[in-house]
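Worksheet: the structure to be examined is printed underneath.
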Amino acid sequence: MDRKLLDILVCPTSRQPLALLEPAGLEALNRAIAAGGVKRGDDATQAEPLREALVTRDRRTVYRVDDGIPVLLAEEAIATAQAEGFTGA
Numbered sequence: 711m712d713r714k715l716l717d718i719l720v721c722p723t724s725r726q727p728l729a730l731l732e733p734a735g736l737e738a739l740n741r742a743i744a745a746g747g748v749k750r751g752d753d754a755t756q757a758e759p760l761r762e763a764l765v766t767r768d769r770r771t772v773y774r775v776d777d778g779i780p781v782l783l784a785e786e787a788i789a790t791a792q793a794e795g796f797t798g799a
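Numbering (the numbering used here) for the sequence shown: 711 to 799.
Right, dumping it as structure tokens:
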């Protein structure tokens, strides 16, 4: 993801800066998704694993990145507390 774009992106609800989710966090989240236990903000189940994601500074919310495009919709956000082993959640 372009560094300049990443520098200006913020969470649409909390206005916290966003950063790329590191591989360990992505792996923990994808394990929870594979187990079928991850719901998005709109209460829909996140069925597809994430290839790339952005995380808020407090590490409580993740937004997926589809084909290099951040999906910054509050209803599509994923609460990291759902993922066992997600550090900082």
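Virtual Cβ for every residue (Gly too), placed ideally from N, Cα, C. Treat the numbers as computed from the prediction; the structure is a model and nothing was measured.
Is residue 722 near residue 782, with beta carbons less than 7 Å apart?
yes
Only counting the same chain, and skipping five residues up and downstream in sequence, which positions put a Cβ closer than 8 Å to that of residue 748?
739, 742, 755, 756, 788, 792, 793
Rounded to whole angstroms, what is the Cα-Cα separation between residue 796 and residue 733?
11 Å
What are the start and end residues of the beta strand (DSSP E) that includes residue 774?
771-776
With distances taken between CB atoms, is the gap from residue 719 to residue 730 smaller than 7 Å?
no
For the beta strand (DSSP E) that contains residue 729, what are its first and last residues?
728-730
Rounded separation between residue 760 and residue 724 - CA only
22 Å
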